[in-house]
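Some notes on the structure that comes next.
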Amino acid sequence: MKLHTFLTFSSFSAAALANPAVTPAAVADHQAIQERAGTTPTPTGTACTATTSPAPVNSATLAAAVAGCVGIQLAGTNDTRNDIVNKICKPFTLIFARGTSEDPNLGNIVGPPFIDALNATFGTNNVAVQGVNNYPASAPEFCIGGSPEGSQNLAQLISQTRTECPNTKLCVSGYSQGCQVVHNAASQLSATDTAFINSVVLFGDPDQGKPVGKVPSYKVSTDCHAGDNICAGGETILEPHLSYCHDVAAEAAFAKARSLASN
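All the letters of the sequence shown, read from the start, carry residue numbers -18 to -1, 1 to 245 under mature numbering (1 follows the signal peptide of the UniProt record, and there is no 0).
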């Protein structure tokens, strides 16, 4: 097992913190998430409104969270796939948006293990994989509800997949801020592109409870662990937020079942 030895939100300067700005709409949206999670909404909607960044995750905490998981990638290994960009079509396609500060373009904690699980479920030769490019996955972007640039690029990738690989079964997935990107991208899609999505899988969703654009809820599976502060509208990374590698096999089975469905 390759172990990502530590996870931290990228350090950033005061200038970077000032841009992008936290908008009233982002604050209201985050407060609604906190209310749905049963927590008291913070006055600003989120405690990381360009003034602080979450503390680095202790390596022992991460090691405990991912114990027994396979496929975890070492930080800096730059696990990247661009099958859709390279016009490689397979029966099943995964487009994945990584979490904050993870390595591009598939991340370390969830993306690689999920791909391994999909390969085991569908067969390696049947799975195309595309990470979201042009997506900084920065902490300030998490604070405003997800990277606008990454969201736009994901929407474009979905449309490109439908155009170039019309017979594939498309799964759109994300982890942590990547889930925000999935939500945002889905709201930008045409009806045709929305209908093309076969399944959506979300791990540690900061926007849990929100619709994924107009994708029907039966096509969506969300994993949010008990005690995951991110899923509760917070900004603190605790062990439950780091352990979604344990859920990848079940979500691969969900994607497989969806791929066999008639709608």
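Using N, Cα and C, we set each Cβ at its ideal position, and we do this for glycine too.
Discussion item. Out of 98, 181, 163, which one is the CA nearest neighbour of residue 107?
Written reply: Of the candidates 98, 181, 163, the residue whose Cα lies closest to the Cα of residue 107 is 98.
Worksheet item: Buried or exposed: where does residue 263 fall if 16 or more other Cβ atoms within 10 Å of its Cβ makes it buried?
Response: Past the boundaries of the shown model lies residue 263; the chain is included only from -18 to 245, so the question cannot be answered.
Worksheet item: If we call anything under 8 angstroms between Cβ atoms a contact, is residue 150 one with residue 74?
Response: It is a contact, given that the beta carbons lie within the stated cut-off.
Fill in: Whole-number beta carbon distance between residue 236 and residue 181, since they are thought to touch under 8 angstroms
Here residue 181 really is in contact with residue 236; their C-beta atoms are around 7 angstroms apart, less than 8 angstroms.
Fill in: Distance CB(residue 157)-CB(residue 135) smaller than 8 angstroms
Their beta carbons are not under 8 angstroms apart, which means residue 157 does not touch residue 135 by this criterion.
Item to complete: Evaluate residue 188 with the Cβ neighbour count: other Cβ atoms within 10 Å of its Cβ, from every protein chain shown; 16 or more gives buried, anything less gives exposed.
Response: Label assigned to residue 188: buried.
Worksheet item: How close, in whole Å, do the beta carbons of residue 128 and residue 163 come, if the pair is a contact with beta carbons under 8 angstroms?
Response: Residue 128 to residue 163, Cβ: 5 angstroms. Contact.
Practice prompt. List the endpoints of the continuous alpha helix (DSSP H) containing residue 164.
Written response: For residue 164, the uninterrupted alpha helix (DSSP H) segment begins and ends at 159 to 168.
Worksheet entry | Host alpha helix (DSSP H) of residue 230 (start-end) | Under the DSSP assignment, residue 230 falls in the alpha helix (DSSP H) whose first and last residues are 230 to 242.
Worksheet entry | Distance between beta carbons of residue 199 and residue 167, contact taken as under 8 angstroms | Residue 167 to residue 199, Cβ: 17 angstroms. No contact.
Worksheet item: At which residues does the beta strand (DSSP E) containing residue 190 begin and terminate?
Response: For residue 190, there is no enclosing beta strand (DSSP E), since its DSSP letter is neither H nor E.
Practice prompt. Could you have a look at residue 106 and say whether DSSP puts it in helix, strand or coil?
Written response: Residue 106 carries a helical assignment under DSSP once its states are collapsed to helix, strand and coil.
Item to complete: Take residue 71 and list the residues in its own chain whose beta-carbon comes closer than 7 angstroms to its own, dropping the five residues that flank it on each side.
Response: For residue 71, where only same-chain residues beyond five positions count, the Cβ hits under 7 angstroms are 110, 146, 147, 150.
Worksheet item: Less than 8 angstroms separating the beta-carbons of residue 169 and residue 195?
Response: In this structure, residue 195 lies closer than 8 angstroms to residue 169 by Cβ.
Discussion item. Let me check understanding here. Comparing Cα to Cα, which of 63, 67, 130, 92 lies closest to residue 233?
Written reply: Looking at the Cα atoms, 92 is the closest of the given residues.
Worksheet item: Where do the N-terminal and C-terminal ends of the beta strand (DSSP E) with residue 76 fall, by residue?
Response: For residue 76, the enclosing beta strand (DSSP E) starts and ends at 74 to 79.
Item to complete: Confirm, please, whether the CB-CB distance from residue 174 to residue 77 is below 8 angstroms.
Response: Result no, Cβ atoms of residue 77 and residue 174 do not sit closer than 8 angstroms.
Item to complete: Report the option in 206, 105, 115 whose CA atom is closest to the CA atom of residue 79.
Response: For residue 79, the closest alpha carbon among the candidates 206, 105, 115 is that of 115.
Practice prompt. Could you give the DSSP three-state label for residue 206: helix, strand or coil?
Written response: DSSP places residue 206 outside both helix and strand once states are collapsed to three, so it counts as coil.
Practice prompt. Taking only the alpha-carbon atoms, compute the straight-line gap between residue 48 and residue 223 and give it to the nearest angstrom.
Written response: If you draw a straight line from the Cα of residue 48 to the Cα of residue 223, it comes to about 10 angstroms.
Discussion item. Suppose contacts are defined by Cβ-Cβ distances below 8 angstroms. Is residue 62 in contact with residue 120 by that definition?
Written reply: Cβ distance not < 8 angstroms, so residue 62 and residue 120 don't count as in contact.
Worksheet item: Applying the criterion that 16 or more other CB atoms from any shown protein chain within 10 Å of the CB defines a buried residue, is residue 244 buried or exposed?
Response: Classification for residue 244: exposed.
Discussion item. By the three-class DSSP mapping on this structure, what secondary structure does residue 115 have?
Written reply: Under the three-state reduction of DSSP output, residue 115 falls in the coil class, being neither helix nor strand.
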